[in-house]
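Protein chains: 6
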Amino acid sequence: MSLYVDKFIKMSLEEDLGLLGDITTDNLFNEMDYSEAYINFREEAVISGVEIAKRVFEILDENVKFKAFKKDGEISKKGENIIKISGKTKAILKGERLALNIMQRMSGIATNSKKYMEKIEGLSTRIADTRKTTPLFRYFEKLAVRHGGGSNHRFALYDAVMIKDNHILAAGSITDAVETIRRNISHTTKIEVEVENLEQAKEALAVKADIIMLDNIRGEKLAECVKLLKGKAIIEASGNINLSNLEEIAKKGVDVISTGAIIYSADNIDIGMDFI
Amino acid sequence: MSLYVDKFIKMSLEEDLGLLGDITTDNLFNEMDYSEAYINFREEAVISGVEIAKRVFEILDENVKFKAFKKDGEISKKGENIIKISGKTKAILKGERLALNIMQRMSGIATNSKKYMEKIEGLSTRIADTRKTTPLFRYFEKLAVRHGGGSNHRFALYDAVMIKDNHILAAGSITDAVETIRRNISHTTKIEVEVENLEQAKEALAVKADIIMLDNIRGEKLAECVKLLKGKAIIEASGNINLSNLEEIAKKGVDVISTGAIIYSADNIDIGMDFI
Amino acid sequence: MSLYVDKFIKMSLEEDLGLLGDITTDNLFNEMDYSEAYINFREEAVISGVEIAKRVFEILDENVKFKAFKKDGEISKKGENIIKISGKTKAILKGERLALNIMQRMSGIATNSKKYMEKIEGLSTRIADTRKTTPLFRYFEKLAVRHGGGSNHRFALYDAVMIKDNHILAAGSITDAVETIRRNISHTTKIEVEVENLEQAKEALAVKADIIMLDNIRGEKLAECVKLLKGKAIIEASGNINLSNLEEIAKKGVDVISTGAIIYSADNIDIGMDFI
Amino acid sequence: MSLYVDKFIKMSLEEDLGLLGDITTDNLFNEMDYSEAYINFREEAVISGVEIAKRVFEILDENVKFKAFKKDGEISKKGENIIKISGKTKAILKGERLALNIMQRMSGIATNSKKYMEKIEGLSTRIADTRKTTPLFRYFEKLAVRHGGGSNHRFALYDAVMIKDNHILAAGSITDAVETIRRNISHTTKIEVEVENLEQAKEALAVKADIIMLDNIRGEKLAECVKLLKGKAIIEASGNINLSNLEEIAKKGVDVISTGAIIYSADNIDIGMDFI
Amino acid sequence: MSLYVDKFIKMSLEEDLGLLGDITTDNLFNEMDYSEAYINFREEAVISGVEIAKRVFEILDENVKFKAFKKDGEISKKGENIIKISGKTKAILKGERLALNIMQRMSGIATNSKKYMEKIEGLSTRIADTRKTTPLFRYFEKLAVRHGGGSNHRFALYDAVMIKDNHILAAGSITDAVETIRRNISHTTKIEVEVENLEQAKEALAVKADIIMLDNIRGEKLAECVKLLKGKAIIEASGNINLSNLEEIAKKGVDVISTGAIIYSADNIDIGMDFI
Amino acid sequence: MSLYVDKFIKMSLEEDLGLLGDITTDNLFNEMDYSEAYINFREEAVISGVEIAKRVFEILDENVKFKAFKKDGEISKKGENIIKISGKTKAILKGERLALNIMQRMSGIATNSKKYMEKIEGLSTRIADTRKTTPLFRYFEKLAVRHGGGSNHRFALYDAVMIKDNHILAAGSITDAVETIRRNISHTTKIEVEVENLEQAKEALAVKADIIMLDNIRGEKLAECVKLLKGKAIIEASGNINLSNLEEIAKKGVDVISTGAIIYSADNIDIGMDFI
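See the structure below:
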């Protein structure tokens, strides 16, 4: 696990423990008390967050035993024990809520991601998330999307260029925007242009945008754009795409469909901890 | 706004900007470019997060003008402009996503909170959240619950005692658990005991627990417990409570109903930024 | 030990070591040098800080052997070796001053705390500290109070409500202040009201304050207040209470006496490290 | 004020405010409420901490008006108003305890420092503190010593060399210890050697130690050492020096007397805040 | 300027000021002392770091006046005053060394970058830096490369994929490596493959690598590779490229030449501060 | 290794890994993959940074085996393997660039330092660095100077006083400047005065400056100053000193020659990692 994950977990533990700690547990248990507990999925779901939960308990008790029966990306049955934890009672009780809070959200997103992917099974289209995420929790939300079979869009404002209407206005034209930016950025960074019609798509293609995002373009117009762009730029469709229109758009031949809802519309999975 | 809010915003901006910044915007706009934009609610909702959003833009541009037409806790109409921002274009574009990510989630929770409260209108019961929150975002989620008319349960493991089954087992009895803890904590801290039946409720009352939580007790048994405890301890009901059984339980006379779903089952509100 | 303790120790070590380290020790000893040393109490005292001192040395040398012959809260004899440390010479020399600085202050407070408690032996009154503490060192000072048999008041501004004269003025009355706050805070948080006379005590009781603090009320008036409140609210006495008037006030039947002096008037205990 | 002071104040405010803030004040006052208050010295004292207190309030309210009638190092009369603060009520109430906690301790040390200096008035001896300080608060404690007329010893383990018995043992001799270290450190760093008798003092002088500390040497032996060293090295006396033997030792002609008690034996000064 | 720049500057000021500050300046000047000074280039150079230096002084004195006569990327004459600073003497003296340390290094790199670019004037080849940078200073070093007319390669390990020999070995083949990674990363991220011969270049092209880096390929072989790849992938040449062979390689038609030396072989520019 | 070194390494790893990590390596290797690699010096050099590089890999993989065949300060042959690393492939690949970036710069400085020292072999003059260093990297650069046989000047603005022309102007005279400062600083801190002629040197000596720096004084005038000061103060020469005039100045009998070029003019050493 990365340095960021550890930092995030420590800060989250501080959120829940403050300076005073778990004033219930600390006054009833001592360092010698050991317990065993299962993390149980109360519903069928795509499992996500196992590796993160492991770090939660390891940070609280470096000798904890954490045994996962299934891995991130696999499917839990309703009522299935997915993880067994053995270690200091204090550590298990202090980490319980954080570990569950992380897993219930990540598994919810992974399960949602799988639902989206099933809609387009057999097609080669990717479904990608967006930057509509919970502040500071983005890394985990985007990881969960992948556990469910989905893909990620750019992580943040710094790892890919995305030229939208405001930028185009400021630069004067799509061409000017792309050329100005290309001159200043690394050749290792992709440029995506958001377009609203075939005209703009043509201009973006002419100036060699790596990715052309068709914003809210549907039906025949979408087909025309795809025909123009296929194989020459990565074609991304976006804008009000949900489970009901997903398949129709994918079938038009776009390479990527991006939708914030894959993350923000996910329902949490009910996960509990049962002491043995 | 508190030091914590500022710290949270700076860290969230770093999540989105990294070291390199907004490589699209920074290459097209300069420090002299100014813009105006509205933050618009695409649906009716309880507004939440206005004060936080304000800090986002102030941190990015200390001279930004941020005018809110409605306050946290008030109701937006569908399509209503709630905030007008005037300032550096770069600051507005860099803060846009973070401000919206915060507001769409907070307003979703506030709106959900109101929905819960409406179910028990006229009753004196409180509806309180739990610690089932998003890591590092708890402060904002609990604030949103209040904006919607709901109440907060303890913030974390450190600001109130909550004795559950594991603790009772370890201490030997409810009485022992409460007495041991009371000896060691401040007289300014409340003790809550989670009980499963009337017997336990009696014991918790006898040992003067401040709050007695009736876990998954319903119907006649709930009525008996309420009769026993009313006016002698704060009565809290919890466990699988949702919009459909909320009213029934409240009418039994409990003081507080706690439910994690008030936060985790909230749907995000669709909010956008429109440049003028 | 908690994450906070470790963070505090690391920052304190940085205070003493800076970037350059212990320029005396680092130039004379190498990583292979090992030593043994006792931590010796030069006077009789209530021991406090052993667990913290342990972390100091563990952070500097993860293989250090730290053997405590007595525990926090026990009594040292004059000249008694309380701890034996075996480990890297560099680690022992670098941690020495910090460990002693922590223990001499904590043991001083614990010893003072015991002196206060002895004054009221046999009575059920608690003696509690206040927020008059050394910045950033509060956690340790309040822990030491408990090691000496005393109790803690609220830890900070966030874990209990304390309504004082300014607040009452602003709200209009004690009743208004309590009701306004109660509406906005968690049901898990206690409300304390500071009163100056029987009249105010009655009002605070009527509005169901959890704790009523009698500020500088003595003699007959104190007795009247206690008679009114006993068993109905927690009675706290405060204001210019010291070793000479402590017993008299406790005997009036108050539940808690709070005094900043239990911490700030404590004398450091003389503790040294002796290499073997 | 330095970056460190600001960092310290922010951390100390977090200690007292946590994430939730001042739950009493925040629920009764709003951003528009303004107040005025005096910081009043309840006893005669050497004032110390005014500049730090100023930063506390400035950090909480950038428009606060903070007027100091006397400066650090000057003498307060009993009951004298030293500072007048005008600003947001919330900021004043949140900063009150921290500002007072800092000033009561710093003024206590400054007053103690002055008491020590008065004992040797007219003599050219310096009285210096040691590293027996409160963790993380050392900067402020050493500043207070200077406000009272005393001097500082090295700040930490990194800004001067101090060779003690363990170091001498490890190196083989005073000569070896000094020469080894001198070879490895900057020519801008002083070397102090702690000696226990005339013999050692001679060796330290021969190897050109910058400062020679006479540890627990008294009477005739002290006089001999001073005679040997005067004008050739800085002569420092240390070890169990207090108010009663201070003058006698100073009169022997030592340049510096160092004593931890100047800091750790100081009594807090009683300082309060009075709203106008 | 970004949040990162401010954080970097504050940490760098702490490196130079510690807790104690500038003990020379702080003891001779007071808050009321003002000065004016020029930052003067002792040699002709490409100016770089002006905007960073500005933030150094603004952080130390928020009212400082900082007037730059030339901008980053422009050419200084030998002995030319480039910046005039007016503000608190203490702030100017404390920031002097840091500002100069930043500018002398950045201007050195910018000047070197320009030297490289002049070698290939008229050609469309880019010259890009690498990750051979000074730890924590990379952002500034890469910015300076751009000020001199050069380009940046990927910033770090996270913003572009770079498949080298070890990765190819682990994956089994270039094809497997690219396909495995492509499946797991965002469609917004480019994939670069390092190849050693025409064979490998063909395989990388077949699997649609975005960038193909020809490692240490020269002469006829280089020409063959360029012929194969031109217009189909970005062609990057790397490996022991310096000022003497730069032009020859560029003329072969590669799109990008990457070289760590553009940063690490740069000589510092002599820049001084002159008080007026 | 110190707490600072670990903090620096973690921040530098974050610079290179961000939140997303090494997206090439992480997608091709798993936790079970192990590798062995040599760190090889491509040129003869004074080795520096071995101990730091060790911490880089230990932080990434606590079970890594790191075997150094030579120590910091020893000489590498061209093409010699200096370190062998065995551990997780992911850890080795992630730490490679940082470890090499540190070692190539530190070894460059150490090698340069040795070159300076060889010029004055047999003389007792020290050669010391200055504060012309890379921000945040100073600790490592000054350590490297020592590995090459050179010495350090003061580390920062806080560990020694250095009175320059601006300070003298502000104080009125050298005498006033020294006396004012001496009164306010610890007796453990040295005072250095920069002088431009014999006159000033005399004044600095009269007021007992510990170190007198002769700024840009050469030839006969330098000889006169040395004659005056020898044995009475530490004599430091500075100002435009380089490899060509070093010996001549040293032979005049100065104690220390200080030059920023020992650090900033050093060329990086070519060091690579070869997997076995």
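Chains as they are written, first to last, in the numbering used here: chain A, 9 to 284; chain B, 9 to 284; chain C, 9 to 284; chain D, 9 to 284; chain E, 9 to 284; chain F, 9 to 284.
Note that CB positions come from ideal geometry on N, CA and C, so glycine has one too.
Going by C-alpha to C-alpha distance, which of the options sits closest to residue i?
| i | options | result |
| --- | --- | --- |
| B/Glu211 | B/Ile171, B/Ser246 and B/His195 | B/Ile171 |
| F/Lys86 | F/Leu101, F/Lys92, F/Ala53 and F/Asn71 | F/Ala53 |
| E/Val72 | E/Gly103, E/Asn89, E/Ile55 and E/Ile83 | E/Gly103 |
| B/Asp173 | B/Glu200, B/His195 and B/Arg190 | B/Glu200 |
| C/Thr267 | C/Asp34, C/Met125, C/Lys92 and C/Ala76 | C/Met125 |
| B/Ile60 | B/Val215, B/Phe16 and B/Glu207 | B/Phe16 |
| E/Ala99 | E/Ala45, E/Glu129, E/Asn120 and E/Gly239 | E/Ala45 |
| F/Ser181 | F/Met19, F/Ala214, F/Asn192 and F/Ile193 | F/Ala214 |
| E/Phe7 | E/Gly280, E/Met19, E/Tyr42 and E/Ile277 | No answer is possible for residue 7 of chain E: it lies beyond the span of chain E, which begins at 9 and ends at 284. |
| F/Thr33 | F/Glu23, F/Glu22, F/Thr97 and F/Met281 | F/Thr97 |
| D/Asn224 | D/Cys233, D/Lys260 and D/Glu204 | D/Glu204 |
Just to confirm, are residue i and residue j a CB contact at a threshold of 8 Å?
| i | j | result |
| --- | --- | --- |
| F/Ile243 | F/Leu222 | yes |
| D/Gly157 | D/Ser115 | no |
| F/Leu27 | A/Tyr147 | yes |
| A/Leu106 | B/Pro143 | yes |
| B/Ile271 | B/Asp137 | yes |
| D/His155 | D/Gly81 | yes |
In chain D, which residues lie less than 7 Å from residue i when you measure between Cβ atoms?
| i | result |
| --- | --- |
| E/Gly29 | Ser10 |
List the residues of chain F whose Cβ lies closer than 8 Å to the Cβ of residue i, in chain order.
| i | result |
| --- | --- |
| C/Glu22 | Leu11 and Tyr12 |
| D/Thr200 | It should be noted that the sequence gives Glu, not Thr, for residue 200 of chain D. Ordered by position in chain F, the residues that pass the 8 Å Cβ test against D/Glu200 are Thr196. |
Can you confirm whether residue i, when its beta carbon is compared against all beta carbons of chain I, has any partner nearer than 8 Å?
| i | result |
| --- | --- |
| A/Leu106 | Considering every chain present, this structure includes no chain I. Its protein chains are A, B, C, D, E and F. |
Which residues in chain B have a C-beta closer than 9 Å to the C-beta of residue i? List them in chain order.
| i | result |
| --- | --- |
| A/Lys140 | Arg105, Leu108, Asn109, Gln112 and Asn276 |
Kindly indicate which three-state DSSP category residue i falls into: helix, strand or coil?
| i | result |
| --- | --- |
| A/Ser266 | strand |
| C/Phe65 | helix |
| C/Ile279 | strand |
| C/Asn205 | coil |
| B/Phe37 | coil |
| B/Ile31 | coil |
| D/Arg146 | helix |
Would you mind telling me which residues of chain A sit closer than 9 Å to residue i, beta carbon to beta carbon, in chain order?
| i | result |
| --- | --- |
| E/Ile219 | His195 and Thr196 |
So residue i contacts chain C; which residues on that side make the cut at Cβ distance below 9 Å?
| i | result |
| --- | --- |
| A/Leu25 | Ser10, Leu11 and Tyr12 |
List the residues of chain A whose Cβ lies closer than 8 Å to the Cβ of residue i, in chain order.
| i | result |
| --- | --- |
| E/Arg134 | His195 |
Going along chain F in order, which residues have a C-beta closer than 7 Å to the C-beta of residue i?
| i | result |
| --- | --- |
| D/Ser56 | Simply none; closest approach about 15 Å. |
Given that residue i touches chain E, what residues does it touch there, using C-beta distances under 9 Å?
| i | result |
| --- | --- |
| D/Phe65 | Near D/Phe65 there are no residues of chain E at all, since even the closest Cβ is about 17 Å away, more than 9 Å. |
Kindly list, in the order they appear in chain E, the residues whose Cβ is closer than 7 Å to that of residue i.
| i | result |
| --- | --- |
| D/Tyr147 | Leu27 |
_Segments assigned beta strand (DSSP E), at least 3 residues, entirely inside the stretch 68-105 of chain A_ = 73-76 and 88-96
_Every unbroken beta strand (DSSP E) within the stretch 148-197 of chain D, with a cutoff of 3 residues, ordered by chain_ = 169-171
_Inside the stretch 218-277 of chain A only - alpha helix (DSSP H) runs reaching at least 4 residues_ = Within the stretch 218-277 of chain A, the complete alpha helix (DSSP H) runs of at least 4 residues are 227-237, 254-258 and 269-272.
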